[in-house]
Amino acid sequence: MKKLTLLLITTAFILTNCGWYKRSDVKDNPVNVKERVQKNIEEGRGIRFGKGSFGGSGTFDFASSNELWRASIEILDFVPFTNASYSGGIIITDWFSGPSKDENEKRMLKITVRFLTNEIRADALKINIHEKICKLNTVNDCNVNKISSNLENEIKLAILKKAALLERNKFNKNSKEYRKKKPQGSRGLSSP
Numbered sequence: 017m018k019k020l021t022l023l024l025i026t027t028a029f030i031l032t033n034c035g036w037y038k039r040s041d042v043k044d045n046p047v048n049v050k051e052r053v054q055k056n057i058e059e060g061r062g063i064r065f066g067k068g069s070f071g072g073s074g075t076f077d078f079a080s081s082n083e084l085w086r087a088s089i090e091i092l093d094f095v096p097f098t099n100a101s102y103s104g105g106i107i108i109t110d111w112f113s114g115p116s117k118d119e120n121e122k123r124m125l126k127i128t129v130r131f132l133t134n135e136i137r138a139d140a141l142k143i144n145i146h147e148k149i150c151k152l153n154t155v156n157d158c159n160v161n162k163i164s165s166n167l168e169n170e171i172k173l174a175i176l177k178k179a180a181l182l183e184r185n186k187f188n189k190n191s192k193e194y195r196k197k198k199p200q201g202s203r204g205l206s207s208p
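Counted the way the working numbering counts, the sequence shown spans residues 17 to 208.
What follows is the structure, encoded as structure tokens:
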């Protein structure tokens with residue numbers, strides 16, 4: 017019996033949104049969703065999950081403020097991207113022509129950059145290179161293979177160096193702005 021009473025009280029509490037039930041007129045409710053949400057927030061209605069004293073969410077930088085992302089975009093700007101998802105942490109280039117060993121073949125490369133962390137460090141990136149070799153005389157005679165070469169490490173090092181440079185320039189810019197600002201009240205004050 018106590019469990020049933022507790023269940024009924026909890027249900028009533030949730031249905032009334034922590035207040036007395038007020039019948040609302042349709043004319044008083046805004047049609048626009050954003051206005052309706054704003055009105056409900058102002059009136060204290062609704063339940064919000066995910067924010068509050070339970071820890072909160074992770075920190076996400078915008079793509080323009082993440083030096084590792086910006087460096088990757090700048091280093092790989094010579095080839096078009098088929099997918100560049102900041103939230104997914106991946107950049108995939110389109111197939112582009114590479115040097116061919118045989119005149120009867122067309123060799124193409126695709127680079128995939130996966131971001132494992134936003135920090136600039138050696139294990140922050142995973143670079144994969146795929147090679148597509150097609151016979152020139154046939155239409156669909158292509159082989160696609162993942163290759164391992166020094167190019168992966170060269171791209172990774174270039175991105176990390178560029179990211180470190182961007183971060184250093186950001187730090188220098190911020191410190192110069194800080195030095196320009198003088199604390200208020202420091203003029204004309206002398207110690208006895």
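We treat Cβ as the ideally placed atom computed from N, Cα and C, and that holds for glycine.
- With fewer than 16 neighbouring CB atoms inside 10 Å of its own CB, Thr27 falls in the exposed class.
- In the three-state reduction of the DSSP assignment, Phe131 falls in the strand class, which pools E and B.
- In the DSSP assignment, Ser101 falls within the unbroken beta strand (DSSP E) covering Phe97 to Ser101.
- For Ile145, the beta-bridge partners assigned by DSSP are Ile127 and Ile163.
- When secondary structure is reduced to three states using DSSP, Glu58 falls in the helix class.
- In this structure, Arg130 is the residue among Ile136, Glu135, Arg130 and Val160 with its C-alpha nearest to the C-alpha of Glu168.
- A straight line joining the alpha-carbon of Leu132 with that of Pro46 spans about 44 Å.
- Excluding residues up to 5 positions away in sequence, Ile107 lie with their Cβ nearer than 6 Å to the Cβ of Ala100 in the same chain.
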